[in-house]
Amino acid sequence: MISTYMSYRSTIDNMKQTSSQLFNEPQVKRETDYYVSHIIGIRSVDDFLADDRIYRYAMKAYGLEDMIYAKGMMRKVLSDPDYASQLTDRRYQQFAAAFNFSVYGEEATQRESAKTGTVNKYMQQTLEIKVGEENEGTRLALYFTRTIGEMTKSGVLSEKSWAYQILGDKALSAVVFTALNIPESVRSSKIEAQKSLLESRMSLGDLEDPKKLEQFIARFSAMYDAQNRTDTNPALTLLQDSNLGSGLAFSPKTMVALQSLKRGSA
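Every position in the sequence shown, counted from 1, becomes a number in the working numbering once 175 is added.
Shown next, in the form of structure tokens:
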């Protein structure tokens, strides 16, 4: 079975081709064509919520597919900027910013964030879901890289807030906990204690520096495989006993080599 890191790299390296193939899948193309041709006709929050296909497409694009049923809440998100800003989950804030009826009124859906921006996010979400059907670790790695990249670009991450941002996102924290071999029981401790633990094991620089981020993903991938596959090379379990400071002892190439040992000796 292909390792998580190899699957992740293959997806990243072939993103353009994979995205093109995905777009041409019947259901994806049908829903995207509908969205593109109808979103410009949406003029209000009422219109947006009344068109179920538009609404579902947008919710999936912003990773809110599990909240599709909550139309009452989403009406508040779209109608009240203060309400959206008070929610700790940044997905709601992104959604409200993309379909900003409170500021742009009828022109909200004419903006790129509501059109091309949402389509791009839908394609990325669909790709990650599809990849996750084969390997959930790869999906988590792709989500982590994308989300941390977006946070870095938008300036959301800071020395004071980065640990809180990680802990406030279930998928991001799953990647970090796995990479650092932090037991799930730690989640029951106070948030300040969890924050201190993360800050003692890694730094903001590990997320902002592309090379260090790649190393972190490689580390996560190896740990994920060690924890979730019975056929994983035993050498990888040695990683579970090592600590991750602000740097990594193993490069991505080393991770791939370790993951290849068992296959090569077969």
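Every residue, glycine too, gets a C-beta built ideally from N, C-alpha and C.
Small disclaimer: the values here were computed from a predicted structure and weren't measured.
Review point. In whole angstroms, what separates the C-alpha of L239 from that of G247?
Key: Cα to Cα, the separation comes out at about 14 Å.
Review point. Hey, how far is the Cα of A236 from the Cα of E374?
Key: Roughly 31 Å between the two C-alpha positions.
Review point. Mapping DSSP to helix, strand and coil, what is N189?
Key: In the three-state reduction of the DSSP assignment, N189 falls in the coil class.
Exercise for review: Taking all protein chains shown into account, decide if N408 is buried (16 or more other Cβ within 10 angstroms of its Cβ) or exposed.
Suggested key: Only weak support is given to the placement of N408: the predicted model assigns it a pLDDT of 47, under 50, and the value that follows is read from those uncertain coordinates. Residue environment: N408 is assigned as buried (16 or more neighbouring CB atoms within 10 Å of its CB, all protein chains considered).
Exercise for review: Under 8 Å by Cβ, that's how I've got S396 and Y183 pegged, so tell me the actual separation to the nearest angstrom.
Suggested key: Contact between S396 and Y183 holds: their C-beta atoms lie close to 6 Å from each other, under 8 Å.
Review point. Looking only at C-alpha atoms, which of K251, G307, A354, I229 sits nearest to T207?
Key: The shortest Cα separation from T207 among K251, G307, A354, I229 belongs to I229.
Review point. Helix, strand or coil: how does DSSP classify Y267 here?
Key: Reduced to three states, the DSSP call for Y267 is helix.
**Study point:** Residue range of the alpha helix (DSSP H) that includes T207
**Key:** Taken as a continuous stretch (DSSP letters only), the alpha helix (DSSP H) holding T207 covers 201-213.
Check your understanding: Once you ignore the five residues that flank L413 on each side, which residues in its own chain have a CB closer than 6 Å to its CB?
Key -> Low local confidence applies: a pLDDT of 41 at L413 is under 50, so the model's placement there is unreliable, with the coordinate-based value given in what follows. Contacts found: none.
Review point. Buried or exposed: Y399, going by 16 or more other Cβ atoms within 10 Å of its Cβ?
Key: Buried is the call here.
Check your understanding: Given that a residue counts as buried once 16 or more other Cβ atoms are within 10 Å of its Cβ, and exposed if not, what is I214?
Key -> I214 sits buried, since 16 or more C-beta atoms from the chains shown fall within 10 Å of its C-beta.
Review point. Distance, Cα to Cα, L332 vs E281?
Key: Each residue's Cα considered, the two are about 33 Å apart.
**Study point:** Contact set for S357: own chain, Cβ-Cβ below 6 Å, skip 5 residues either direction
**Key:** Note that residue 357 corresponds to Ile in the displayed sequence, not to Ser. Correct list: empty, nothing qualifies.
Check your understanding: Under 8 Å between the Cβ atoms of K370 and G380?
Key -> Cβ distance not < 8 Å, so K370 and G380 don't count as in contact.
Review point. By DSSP, does K139 sit in helix, in strand, or in coil?
Key: Only positions 176 to 441 of the chain appear in this structure, which leaves residue 139 out of reach.
**Study point:** Nearest-angstrom Cβ-Cβ length linking V211 and F276, presumed shorter than 8 Å
**Key:** With a Cβ gap of about 19 Å, V211 and F276 do not count as contacting.
**Study point:** Closest residue to A338 among A354, T322, E367, A233 (Cα-Cα distance)
**Key:** Per the Cα distances, E367.
Check your understanding: Would N403 be called buried (16 or more neighbouring beta carbons within 10 Å of its own) or exposed?
Key -> Label assigned to N403: exposed.
Check your understanding: For the candidate residues A233, T320, V278, whose alpha-carbon lies nearest to that of Y267?
Key -> Check the Cα spacing between Y267 and each of A233, T320, V278: the tightest is with A233.
Point to revise | Touching by the beta-carbon criterion (3+ pairs, under 8 Å), the stretch 245-262 and the stretch 318-326 | key: Flag = no, the stretch 245-262 and the stretch 318-326 do not touch.
**Study point:** Per-residue DSSP class, three states only, for D381
**Key:** Assigned with DSSP and collapsed to three states, D381 falls in helix.
Review point. From S421 to M298, what does the alpha carbon distance come to, in whole angstroms?
Key: Caution applies to S421, whose pLDDT of 38 falls short of 50 and renders its modelled position unreliable; the value that the coordinates give is listed next. One C-alpha to the other measures close to 33 Å.
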